[in-house]
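Colleague: Per my numbering, the very first residue in the sequence shown carries number -16; after that it's consecutive. Think of the CB as a built atom: it goes at the ideal place given N, C-alpha and C, for glycine as much as any other residue. Mind having a look at this structure? Questions to follow.
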Amino acid sequence: QVQLVESGGGLVQAGGSLRLSCAASGSTRSINTMGWYRQAPGKQRELVAIISSGGSTNYADSVKGRFTMSRDNAKNTVYLQMNSLEPEDTGVYYCSVTTWRNYWGRGTQVTVSS
């Protein structure tokens, strides 16, 4: 079992920045990829960024150049640095990890005002 706790969400004006954190606990040795997803009101959950155990990252086109995902394996924590935030980035941001199955955190709300 893996437990995930996200933090760092909040309310920010357009153009501002936020840094999300996701701390994993439990069977962390089995973690392979870690990812950030988001879900806006009335929309499906979508991938924002993903990072492999080796540190390779992939981003959704909508956040490339603005968001940076990083991973601290010693702390079993991933981060999402979000810059130049736009109202379209508003949503609940979820952390997910993959072992032999997917685990999800409860999410953290990000609201970007125009």
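Taking the Cβ atom as the reference point for each residue, do Q(-16) and G25 lie within a distance shorter than 7 Å?
Modeller: It is not a contact, given that the beta carbons lie outside the stated cut-off.
Colleague: Taking Cβ to Cβ, would you say V95 is nearer than 7 Å to Y86?
Modeller: Not a contact, by the Cβ cut-off of 7 Å.
Colleague: Measuring CA to CA, which of A(-3), G18, I14 is closest to V93?
Modeller: Ranking A(-3), G18, I14 by Cα distance to V93 puts A(-3) first.
Colleague: Could you check where the beta strand (DSSP E) with V80 kicks off and where it finishes?
Modeller: V80 -> beta strand (DSSP E) spans 74 to 81.
Colleague: In the DSSP assignment, find the beta strand (DSSP E) that holds G(-7) and state where it starts and stops.
Modeller: Note, G(-7): beta strand (DSSP E), -7 to -4.
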